[in-house]
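Taking the numbering used here, the leading residue of the sequence shown gets 1, the next gets one more, and so forth. Using N, Cα and C, we set each Cβ at its ideal position, and we do this for glycine too. This one's a predicted model, so the numbers in the text were calculated from it and none came from an experiment.
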Amino acid sequence: MMASTEGSVEDAGASVSTQGDDAPKPTKASLKRKITEPKTQKAKKKKTCMDRAAWPRYTVHEGEDMLLVISSSTSQDNRSIWTHKKKKGGKKKNTNKGKGGKQTTVKKEKRKPVIRTPAIETKEEATPNDHRWGQRLPEEVLVNIFKMVVIQDGAVPFLCRVARVCRLWNSAAAAPVLWRKVSVGHCWIAPGNSQLPKTQSRIKDTLDWLAQKRFSQLRDFSLHHWTKNVDHAVDVVSQFCPHLSALTLSYCTGLTGAAFQSLGLHSGSLQSLNLQHTEFQVEGLLTYLESHGAQIRQIWFTHGLKYDRLFAAISRGCCPDLELLEVNKKLDTKDGELTFCVQALQRACPKLKTFRMLNVHPLQKSMRNGAELSPGFPLLEELCIATASYSYMTDKYLGDILFGSPRLRVLDLRGCSRVTSAGLVALPCLELECLFWGQYFSSHVGISQKEGLHAVMQKWSHTLRQLDVANQLFSEEDLEVAMCHLARANDADTLRSLNLSGTRITPAALRPVIGQMTALDYLNLSACRYLPRGLKRIYRGQEDIRQLLDKLE
1 MMASTEGSVE
11 DAGASVSTQG
21 DDAPKPTKAS
31 LKRKITEPKT
41 QKAKKKKTCM
51 DRAAWPRYTV
61 HEGEDMLLVI
71 SSSTSQDNRS
81 IWTHKKKKGG
91 KKKNTNKGKG
101 GKQTTVKKEK
111 RKPVIRTPAI
121 ETKEEATPND
131 HRWGQRLPEE
141 VLVNIFKMVV
151 IQDGAVPFLC
161 RVARVCRLWN
171 SAAAAPVLWR
181 KVSVGHCWIA
191 PGNSQLPKTQ
201 SRIKDTLDWL
211 AQKRFSQLRD
221 FSLHHWTKNV
231 DHAVDVVSQF
241 CPHLSALTLS
251 YCTGLTGAAF
261 QSLGLHSGSL
271 QSLNLQHTEF
281 QVEGLLTYLE
291 SHGAQIRQIW
301 FTHGLKYDRL
311 FAAISRGCCP
321 DLELLEVNKK
331 LDTKDGELTF
341 CVQALQRACP
351 KLKTFRMLNV
361 HPLQKSMRNG
371 AELSPGFPLL
381 EELCIATASY
391 SYMTDKYLGD
401 ILFGSPRLRV
411 LDLRGCSRVT
421 SAGLVALPCL
431 ELECLFWGQY
441 FSSHVGISQK
451 EGLHAVMQKW
461 SHTLRQLDVA
471 NQLFSEEDLE
481 VAMCHLARAN
491 DADTLRSLNL
501 SGTRITPAAL
511 RPVIGQMTAL
521 DYLNLSACRY
531 LPRGLKRIYR
541 GQEDIRQLLD
551 KLE
């Protein structure tokens, strides 16, 4: 460091002595000033400013899947938007008085260029043009970029954060089209902590501001894990969101009848109501459904003793246009039996398309004498009666539910060990696409051998896309014939997923179905005792399954 400093001092002295013999020798202090002068000028260098008039004019045309930004500027305007301000006045001359009182003009010598690495030069050249790229984008393009993120990660807190970047991003984040679906979870505090009064006031103020300034086109609103201010949130959203069609309250507490009353007064477009794992006042919801149940199309709720009245009200016909009904149960609760009359539900909800009962044990209730026969569920497309424990579902009970459902596409009977192959073959649906019939709980699976899988495959082999028969004790011969029916299907590329975990499948039975089903991308062969070692695993992807076929051959 000392050698380089001395060298620079000598260079500066030589540049001054070449001006003439009368020029005074520079003092040590003046040399120091000249050395440090370029640094001072660099520090005081004026910043560049943006010439707004030089921005190119453009027009934005929105197509089906893209935005077209067409510039209307002339060739003269295609210049850089970065311009330097002109310096006022001329260059200053440095004058030093000699011995004779004459002033001698000392011209500054141009500073030698500093050799820098290419990486540093590239960074310095790109910085003035690239560090403000976000402020040069058209707002329509920025809105579409934000829309992609909102679809993947949600509107909150993403839009709240990007709105603080700059004015352009704030304007783009305020676009109502980005706020059509909003989900709010834990707010300001960690789960389980108590809220102070000041925190509750901030939460209410923020929610009020969002509802008034951002939720003008809100369609879908979700609230998760709120233990306080639930009524206030529902009230504010219902008042300032006239287009609200779906409301989800998950793991919330404190929902009273006042919230349902506000929904009835202001939310005339509400069609979907999800109350899974949420504690609410049953009387308030029943009053709401009696008055506005005709507009409800979808309902989710969690089974409980005090909520059985809700299922009874639905069976009486308070929601005649209901299309989706899902009832689930918490795994840590013991009581899961639900007694209801299937025929009454069929008459009350003839438009039902999706019927799910997860971990709930339905008990059939007999009809009264003289009651009219129900038409069944003529529009039903999905039936799910999956359970993690025992099940009362039998062939007769399943037939009573699906006797009038020819459009069924998805049938989920996981855990229903009492349903047999003969009961499935007797169903009226002919174009089943997904059959989930696996038995995942060994303590409730029978030890007797089963037969008849080949008849089920013969009926639905041409339409099945997903098949799950895990841990079903079918014989080797039955499995081989069933796989042959799948392989000989007319549409060989329909099957996408096959779960044979824990079955008695053999290599001879597995080889034809793998060779014919070219679109198969998921195959579960774990715990299959009749397969060689090294093959008992899950295969994902068509390439992985083709390698399995080579090993079997």
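- Residue pairing by DSSP leaves P512 without any beta bridge partner.
- The continuous beta strand (DSSP E) containing I538 extends over residues I538 to R540.
- If you draw a straight line from the Cα of P350 to the Cα of C319, it comes to about 10 Å.
- The Cβ-Cβ distance between F441 and S389 falls below 8 Å.
- Fully contained in the stretch 129 to 216 are the following alpha helix (DSSP H) runs of length 4 or more, in chain order: 139 to 153, 158 to 162, 167 to 173 and 197 to 213.
- If you look at H361, you'll find it isn't in any alpha helix (DSSP H); it sits in the beta strand (DSSP E) that goes H361 to Q364.
- Shortest Cα-Cα distance from Y392 to any of R347, A211 and G336 involves G336.
- Shown here, F355 sits in a strand according to DSSP, grouped into three states.
- Per DSSP, the unbroken alpha helix (DSSP H) holding C484 starts and ends at E476 to A487.
- Here C160 is exposed: its Cβ has fewer than 16 other Cβ atoms, across all protein chains shown, within 10 Å.
- With contacts defined by Cβ atoms closer than 8 Å, L218 and W179 form a contacting pair.
- Here C166 is exposed, its C-beta having fewer than 16 other C-beta atoms within 10 Å.
- At the C-beta level, T420 and E382 stay beyond 8 Å of one another.
- The alpha-carbon of Y288 is positioned some 36 Å away from that of C434.
- In this chain, the alpha helix (DSSP H) harbouring S238 covers V230 to F240.
- Between the stretch 271 to 284 and the stretch 251 to 258, the count of C-beta pairs closer than 8 Å reaches three or more; the two stretches touch.
- The continuous stretches of alpha helix (DSSP H) do not include D468, which lies in the beta strand (DSSP E) extending over residues Q466 to D468.
- When the alpha-carbon of S269 is set against those of Q261, S250, G284 and H292, the nearest one is in H292.
- Checking the DSSP bridge columns, you'll see D220 partnered with K181 and A246.
- In the structure shown, K551 falls within a helical segment according to DSSP collapsed to helix, strand and coil.
- Straight-line spacing of the CA atoms in N499 and T463 works out to 16 Å.
- DSSP links N524 through a beta bridge to N499 and I538.
- L275 carries a strand assignment under DSSP once its states are collapsed to helix, strand and coil.
- Each residue's CA atom was taken as its position, placing L408 and E431 some 7 Å apart.
- Nearest to G541 by C-alpha distance, out of L523, C528 and L531, is L523.
- In the DSSP assignment, T302 falls within the beta strand (DSSP E) that extends over Q298 to T302.
- Within the same chain, H224 and H225 come within 7 Å of G185 by CB-CB distance, once the 5 residues on both sides are set aside.
- In terms of CA proximity to Q439, D412 leads the group R465, D412 and E451.
- Here L552 is near P507, since their CB atoms are less than 8 Å apart.
- At the C-beta level, Q472 and T503 come within 8 Å of one another.
- Per DSSP, the unbroken alpha helix (DSSP H) holding E283 starts and ends at V282 to H292.
- Per DSSP, the beta-bridge partners of V410 are E382 and C434.
- Under the DSSP assignment, V327 falls in the beta strand (DSSP E) whose first and last residues are L324 to N328.
- Buried is the label assigned to L358, since at least 16 other Cβ atoms lie within 10 Å of its Cβ.
- Note that the C-beta distance between G423 and D395 is below 8 Å.
- Nearest Cα to A487 within the set S475, S501 and Q516: Q516.
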